[in-house]
Every structure is written in structure tokens, then in C-alpha cells.
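Residue numbers for the sequence shown, in this note's numbering: 4 to 689.
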Amino acid sequence: MINRELLSPQSIAVVGGSNNVHKPGGAIVRNLLQGGYEGALRIVNPKEDEVQGIKVFHNASELPPTELAILVIPAKLCPDTVELLASEKQTKAFIIISAGFGEETKAGAEMEQRILDTCEQHGASLIGPNCIGLLTRHHHSVFTQPIPALSPKGVDFISGSGATAVFILESAVIKGLQFNSVWSIGNGKQIGIEDVLQHMDEHFDPSTDSHVKLLYIENITNPDKLLFHAGSLIRKGCRIAAIKAGSSESGSRAASSHTGAIASSDSAVEALFRKAGIVRCHSREELTTLGCIFTLPPLTGRRFAIVTHAGGPGVMLTDALSKGGLEVPRLEGTTADELKAQLFPGSSVANPIDILATGTPEQLGITIDYCENRFPEIDAIAVIYGTPGLTTLYEAYEVLHQKIQQCKKPIFPILPSLHTAGPEVAEFLAKGHVNFSDEVTLATALSQMMHTPPPAPPEIELFGVDVPKIRDLISGIRDNGYLTPTLVHQLLECAGIPMVPEKVSGQKADLIAFANRVGYPVVAKVVGPVHKSDVGGVTLNIRTPEHLSLEFDRMMQLPDARGVMVQRMLKGTELFIGAKYEQRFGHVVLCGLGGIFVEVLKDVQSGLAPLSYAEAYSMIRSLRGYKILRGTRGQQGINEQKYAEIIVRLSTLLRFATEIKEMDINPLLADGNNIVAVDARILIEK
Numbered sequence: 004m005i006n007r008e009l010l011s012p013q014s015i016a017v018v019g020g021s022n023n024v025h026k027p028g029g030a031i032v033r034n035l036l037q038g039g040y041e042g043a044l045r046i047v048n049p050k051e052d053e054v055q056g057i058k059v060f061h062n063a064s065e066l067p068p069t070e071l072a073i074l075v076i077p078a079k080l081c082p083d084t085v086e087l088l089a090s091e092k093q094t095k096a097f098i099i100i101s102a103g104f105g106e107e108t109k110a111g112a113e114m115e116q117r118i119l120d121t122c123e124q125h126g127a128s129l130i131g132p133n134c135i136g137l138l139t140r141h142h143h144s145v146f147t148q149p150i151p152a153l154s155p156k157g158v159d160f161i162s163g164s165g166a167t168a169v170f171i172l173e174s175a176v177i178k179g180l181q182f183n184s185v186w187s188i189g190n191g192k193q194i195g196i197e198d199v200l201q202h203m204d205e206h207f208d209p210s211t212d213s214h215v216k217l218l219y220i221e222n223i224t225n226p227d228k229l230l231f232h233a234g235s236l237i238r239k240g241c242r243i244a245a246i247k248a249g250s251s252e253s254g255s256r257a258a259s260s261h262t263g264a265i266a267s268s269d270s271a272v273e274a275l276f277r278k279a280g281i282v283r284c285h286s287r288e289e290l291t292t293l294g295c296i297f298t299l300p301p302l303t304g305r306r307f308a309i310v311t312h313a314g315g316p317g318v319m320l321t322d323a324l325s326k327g328g329l330e331v332p333r334l335e336g337t338t339a340d341e342l343k344a345q346l347f348p349g350s351s352v353a354n355p356i357d358i359l360a361t362g363t364p365e366q367l368g369i370t371i372d373y374c375e376n377r378f379p380e381i382d383a384i385a386v387i388y389g390t391p392g393l394t395t396l397y398e399a400y401e402v403l404h405q406k407i408q409q410c411k412k413p414i415f416p417i418l419p420s421l422h423t424a425g426p427e428v429a430e431f432l433a434k435g436h437v438n439f440s441d442e443v444t445l446a447t448a449l450s451q452m453m454h455t456p457p458p459a460p461p462e463i464e465l466f467g468v469d470v471p472k473i474r475d476l477i478s479g480i481r482d483n484g485y486l487t488p489t490l491v492h493q494l495l496e497c498a499g500i501p502m503v504p505e506k507v508s509g510q511k512a513d514l515i516a517f518a519n520r521v522g523y524p525v526v527a528k529v530v531g532p533v534h535k536s537d538v539g540g541v542t543l544n545i546r547t548p549e550h551l552s553l554e555f556d557r558m559m560q561l562p563d564a565r566g567v568m569v570q571r572m573l574k575g576t577e578l579f580i581g582a583k584y585e586q587r588f589g590h591v592v593l594c595g596l597g598g599i600f601v602e603v604l605k606d607v608q609s610g611l612a613p614l615s616y617a618e619a620y621s622m623i624r625s626l627r628g629y630k631i632l633r634g635t636r637g638q639q640g641i642n643e644q645k646y647a648e649i650i651v652r653l654s655t656l657l658r659f660a661t662e663i664k665e666m667d668i669n670p671l672l673a674d675g676n677n678i679v680a681v682d683a684r685i686l687i688e689k
């Protein structure tokens, strides 16, 4: 629970406060004083009479009633202190900086639980233990530096790691990013990242609250809560970016299906973030860069003008933007010629617009005006402006300051000379601006933001999916394991997923009759072994009954063979859809190129069932091989709408069949407007 006493306490007691500002107890007192805390500040220290000019209480029992207590004392003393303050001093909020609890030992976990029980009994909020504290515009209850500039227009930052929070703040301060609040949850015994988001969502006031949330997450304890409140905040106009650490593929287990081998906990995180509308980051620099982007006017298109006086960075930014799916359109014609006439000879206006190293602040302003008013094909402006150390930049940065205030199109300042023009950059940031010192990091973050879909609607796409029959089929299954081809076919039919006609039998005559009816060539696959190709259980391009007869006899001799499946052989682009059930997250659905490439290339995207059409399209268009699916070098593209429809239908099937733990449809064959499932496996665990 998060209460008023935690957010805006009228009195604070630092238990363990000291005069030594190089230790947490002294640093917290210093930060509270320097932050201008206006309530009653009290210090408890048995060995001091005065701490940083404040009279000291030698024991917590001597304190008057106090709303918030910050504990910076040995872990073993914390449970009794919390009990005393909560029961006798009406303390309703605790921030426990101390370490040595559940993160270290079983005994520590028991002490932590005792503290939680006390807080729950008395209706008190608990941050920590094992954290750096809480930083708000009301009180600076942290022991670390830096203390960033605080503003109601700044960002809210929630971190599962105190040390990482400090490093992220360091990255942000250099960029000029301002903050509204910083939450370090530590062990998160009572209040985790999901709980902070819930509070921000349920109490959101668009006129006074921050519209930007940055998250550093190490553990997602409640995916549903995170999904619900992050999505709700974004629908209310907020923007959220997050790092999720600890989701590498080395954590994935070996599995019998393609999906099991590819899907990892990171796939579930990617899927959750996509559904919520959270922009995924993979580094501190990327997270703080997105925080800065979110403070600028929103992008209304993908077309950038790059204004620079250094050719190389302009080229690198062009490459990075283009690689990320953004555009740097060529500027030409009468208007471009007019602009070029106002610049020095040798300048280029093709885009990037290079005004040369000798370009003046006045020419910088003229160029920005043209991009704002005369080039309608431009949606945003990136300005790269540094110094070789020969000139000062105050005048140029003042022009940039004025244009950022005047222009409706967002301007992204890239000021790389942090060393040689440090004072000039500092003055520019002091006016409330941000700085993207590295153009490629900016382009990467912009691309990630533009590829993140809005939060998915909560409604489930049910059209064409026979839910009652799906449940009947699942209920009738008695044994765990892989389903028979007949049951797989029936389940996919219930979901409206088209399959190539097939016949499964242990009788040769039945299969030859089927092949004669559908027409040759056909494909034969052994039924029984999980990995058919590995045991020689797949034969393509069978063109005669005699060849089919020989392959039937051979396959029935393979280990675990129970029969043979025959299908009409089709051609087309091979696609893949799979799913895996992740504990707490639900079904993670994967899509990508099919056949053997699914494991070789691992070019897959993930979504969390049930999926919307927007999510399915986002998954497809985020594939590295998307250009192949669109059609390239004379090859026909696939029916993207039908592919998305199959992904959505499959996710609906999974939503009502949680007993399915892994499944593959590999390959799906896309030929012209048609997409059909050729091979599928479904693993059931009841």
C-alpha cells in the first residue's frame, strides 16, 4: 500500500542518522536538508547529541509521533524498531535502507516477514528493505548522488535495483532529463514495481502528474498487474519505457519442440511489453534517451531532416534512422535551391543538410525555419552542432533554444562536444532542454519507440473460433503428451486455421487411395517420432503409387512409428507459428520464417495470448525477414492479413486451452493469397 505519509509526510525520523555524510545515515540527512524538506525532521542516534545542526533523540522510544521513519541501522535492530514506531508512535510509513534480509539469508527473510506483518497490522507503507530510498519533490529520502533536477514535468523512475538506479540517474543528468520522482523498491517486500504503477494509475491526474514512466525491472512478480496498469496509464496519455534484466537465452531450457527451443523468459517479457505498449530498452543509455524523447512533442511521422555542420555524424544518423525504418527524404527543387543560396558555397541541402563547419548561428536558424515551414515532407528535425574547440557556441545554442520553443515539429538537439563545449551545453540544458550526444543511440531509441504498438484492447477476437468444441475436445483427452494428428487437425479446424488435406493411417492401401484422389506429388511423414526429419521420417515429392508404397514400408520400420501421414505437396513461402505456456505469463505466441530456418536464424517475434490484430501485425512487421514476406526481387509477397488472422485465431484457441503447453505449426505455406498449415504438433499437460 502507498499512503500519504509515505508521499508527503509532515514529519520524518531518520533512525541511524549521523554527521558522517560519507555513510548512508549521514547522506540521507544531508539530502533531506539540502532538498528543503519543510516538515519536522528528527534524528535518532545513541552516540550523538546533534547531527548536522539538528538535536538528536538517543532512542526511538523518545520520539514524538512521527509519520515516516527511515531506518539506516543494522538489520537485526529493524524488526523491533518498526514494531515500536508503528504501535507507539503512529508511524504509517517506513523506508528501510538497511541490507541483510531476505536477499542474503533465511534468517534475514524471517526478519523481513516480521517487518511486513507489523506494517500490514498497522496499515503502514513499506519501501525496501535493501534500497537507496525514495526521492520526490516533497522529500529527498535517498542516501545517494546525484540528485537530479526535480519538476512536475519530469519523469517518474521506478527501479528494482538501487545501484542501477544511481547509474541510470548519472546517464540521465548528463542529458538534462528532469525527474518528478525516483522509487527504489529494494526487496519489494510490500511495494513492488507493479504496485507503484498501480498507485500512479489509480490516482493519475493528467493536469499535475508526470506523463513519462521509466522502469528498471529485475523480477516481474505479477505480469497481469503490470500489464493492466501500464496499459491503462498509456491509454491515459502516458509513455512508458523499461529495461527487463535477467532474461538471456541461456536461461531457456531444452525442449522437444521448435518453440520450446526458441522461447525463453525473454520471449514472455517481449510479449508482455508489446501487449502493454511499453517500449523495450536494453541499456541505461537507451532508457534515458527514450525518457528524453518522451519529453519532446510527439512524432507525427517518420521523415527526418538532419541539419549538421559535420558530414560524418549526419551520414551515421542517416544510416541508423534508415536501418530502423525511419526516413531521411531527399530535399530538392526550388525551395531547396533557395535555402542553398543562403548558405556558404559548398553547403549541401539534399538531406542531410550540411551547413559546413564555418556555418553561422544565423544560417542554422534559417535552415531550421525552412525545415519547419517550407518543407512539408519533413516531420521532425535533428540538429547536430558541436565545436572543434576553436569557437564558443553560446550564440548557436541560443538560436537552437529559440527554435525549439517556436517550432511545432519536434527538434532533437545532438550536441556532441560535452568536453570542449561543456559550459555552453550546460547553459543550454539549464533552460530546460535535453541533449542527445550520440546520434546512433538516438536513432536506435526512436526506432524502438516507433515499432512499439499501442496497448492492446482487452477484448478477445472470437469470430470464427468454436470455443465450446475446443473445450469438448480438450476435456476428452485423457493422457498427457503430444496429440494425434487427427486431434491436432480437429483443434485447428475449431480455430478456423486452414490445413492441407491429409490422411493418417497404418494401412498402405488407404494412403495410396488418398494420394490418387488428391493427386501427386505428395509428402509422406512418419507418425510417432517427435523429430521426423532427424530419423528420416519425411519424404518429399513422391510422384507415383510405387514410390509411396516403398516409403510406407520403410517408415513403418522406424523406431516408435505408429503410422504414416500423406499430404498433397504444396509450394510457397514457409512460415512458422508456435506457442509455449510460461508460468505466470500465460501463452507466449511466436511467429517467423518457417522450415529449418526457425531455429537456425531465430528470427521470431513474440506476443502474449490472446492477441489483437494490431499486435499480430506488429509481430510480423518487426521480423528481420519482413522484406521477404512483403515480396522481394520479383518474388510474390504473402497475404499478410491472412497470416495475422491465423496468429490471432491461434492465440484465441490457446486462451481457452491452457492445457496446451507447447505447440508448433511449422511450416505454414503461403502461396499467393492462401496460407495453409502443413505440419503441427501440440503438447498437452493436464
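Idealized CB from N, CA, C, for every residue including glycine.
So, with DSSP's three-state summary, where would you put residue i?
i       : result
Asn-183 : strand
Met-452 : helix
His-404 : helix
Met-502 : strand
His-422 : coil
Lys-79  : helix
Gln-608 : strand
Ala-399 : helix
Leu-578 : strand
Cys-122 : helix
Arg-256 : Unreliable placement is indicated for Arg-256, whose pLDDT of 39 sits below 50; no coordinate value is reported for it.
Val-491 : helix
Ala-246 : Note that residue 246 corresponds to Ile in the displayed sequence, not to Ala. Strand at Ile-246.
Phe-60  : strand
Gly-263 : At Gly-263, the pLDDT of 44 sits below 50, so the modelled position is not reliable; the number obtained from the coordinates is stated separately. In this structure, Gly-263 counts as helix in the three-state DSSP scheme.
Ile-309 : strand
Determine the contact status of residue i and residue j, defining contact as a CB-CB distance below 9 Å.
i       : j       : result
Val-75  : Val-59  : no
His-142 : Gly-42  : yes
Leu-320 : Pro-355 : yes
Lys-50  : Thr-69  : no
Ser-278 : Leu-230 : Looking at the sequence provided, one finds Lys at residue 278 rather than Ser. In this structure, Leu-230 lies closer than 9 Å to Lys-278 by Cβ.
Val-700 : Pro-524 : The structure shown does not extend to residue 700, since the chain is modelled only from 4 through 689, so no value can be given for it.
Glu-665 : Ala-619 : no
Ala-168 : Thr-139 : no
Can you tell me whether residue i is buried or exposed, with buried defined as 16 or more other CB within 10 angstroms of its CB?
i       : result
Thr-361 : exposed
Glu-106 : exposed
Gln-201 : buried
Val-679 : buried
His-312 : buried
Lys-109 : exposed
Ser-350 : buried
Pro-300 : exposed
Asn-133 : buried
Arg-242 : buried
Lys-605 : exposed
Ser-700 : Because the chain in this structure spans residues 4 to 689, residue 700 falls outside the shown range and cannot be described.
Leu-543 : exposed
His-590 : buried
Arg-658 : buried
Gly-304 : exposed
Ser-184 : buried
Gly-136 : buried
Ser-14  : buried
Return the bridge partner residues of residue i from the DSSP annotation.
i       : result
Ile-477 : None, per the DSSP bridge assignment.
Val-507 : Met-568
Pro-416 : Val-386
Gly-589 : Glu-585
With contact counted as at least three CB pairs below 8 Å, one residue from each stretch, are the segment 497-505 and the segment 641-661 in contact?
-> yes
Is the segment 196-211 touching the segment 152-161 in the sense that three or more CB pairs, one from each, lie closer than 8 Å?
-> yes
The segment 235-244 in contact with the segment 463-480 per 3-pair CB rule at 8 Å | no
Hey, is the segment 399-407 in contact with the segment 415-435, meaning 3+ C-beta pairs nearer than 8 Å?
-> yes
Do the segment 633-645 and the segment 439-447 make contact, defined as three or more Cβ pairs closer than 8 Å?
-> no
Are the segment 413-420 and the segment 372-387 touching by the rule of at least three beta carbon pairs closer than 8 Å?
-> yes
Are three or more beta carbon pairs between the segment 18-30 and the segment 211-225 nearer than 8 Å?
-> no
If you pair each beta-carbon of the segment 566-579 with each one of the segment 593-608, do three or more pairs fall below 8 Å?
-> yes
Mind the definition here: the segment 324-337 touches the segment 285-293 only if three or more C-beta pairs lie below 8 Å; say whether that holds.
-> no
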